[in-house]
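Okay, structure first, notes after.
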Amino acid sequence: MCDDLSAFAQTLGLPAGDLDDLPTSSATFPDGAHYRLEVPTINTPEALGALLETAEQRYGVVINRVDETAGIFRLTTQHIREYVTIARAHGVERYYPEARQSSRGAADLAVPVEPKSWESVPISPAELVLSQHGSCDVP
Numbered sequence: 001m002c003d004d005l006s007a008f009a010q011t012l013g014l015p016a017g018d019l020d021d022l023p024t025s026s027a028t029f030p031d032g033a034h035y036r037l038e039v040p041t042i043n044t045p046e047a048l049g050a051l052l053e054t055a056e057q058r059y060g061v062v063i064n065r066v067d068e069t070a071g072i073f074r075l076t077t078q079h080i081r082e083y084v085t086i087a088r089a090h091g092v093e094r095y096y097p098e099a100r101q102s103s104r105g106a107a108d109l110a111v112p113v114e115p116k117s118w119e120s121v122p123i124s125p126a127e128l129v130l131s132q133h134g135s136c137d138v139p
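Take 1 as the starting number for the sequence shown in my numbering and just add one per residue.
Following this line, the structure appears as structure tokens:
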């Protein structure tokens, strides 16, 4: 059966199997890394802490980016502080979709958002939320 699939793939102009002879890419991320790991749907500081500690300590794996998909506005001020503190301590980038209006619908909303470090934007998600609900210090 595999031979049949390989032959069929070739009739479509596709390779018959893995291209093990491809050269290794020299492209890297700005810090020199060849790949990144992102974990979606980390919606509580407890989940973030458990993920990062388990990945690093148990498996020696670095998580580069997480996203908070349930909506940061549902978190308490204390949870936001914890989330930001944990992410900063582990050097984790964050990703969250920016609110945008669109006259063209989903096509405009599908524009990718650049990854950011917690320090690379003038206001963190926690500071944004806190600015809407009163002032206090954010770690």
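In this text, a Cβ means the ideal position worked out from N, Cα and C, and glycines have one as well.
Burial state of residue i (16 or more Cβ within 10 Å)
i: TYR83; result: buried
i: VAL61; result: exposed
i: GLU68; result: buried
i: ARG94; result: buried
i: PRO45; result: buried
Continuous beta strand (DSSP E) stretch holding residue i: start and end
i: VAL84; result: Taken as a continuous stretch (DSSP letters only), VAL84 belongs to no beta strand (DSSP E), being part of the alpha helix (DSSP H) at 77–90.
i: ASP67; result: 65–67
Test item: CB-CB of residue i and residue j under 8 Å
i: ALA70; j: ASN43; result: yes
i: ARG65; j: ARG36; result: yes
i: ILE72; j: ILE63; result: no
i: HIS34; j: THR28; result: yes
i: VAL39; j: LEU22; result: no
i: ALA7; j: PRO15; result: no
Range covered by the alpha helix (DSSP H) that runs through residue i
i: THR11; result: 2–11
i: ALA47; result: 45–53
Local conformation of residue i per DSSP, three classes
i: ARG36; result: coil
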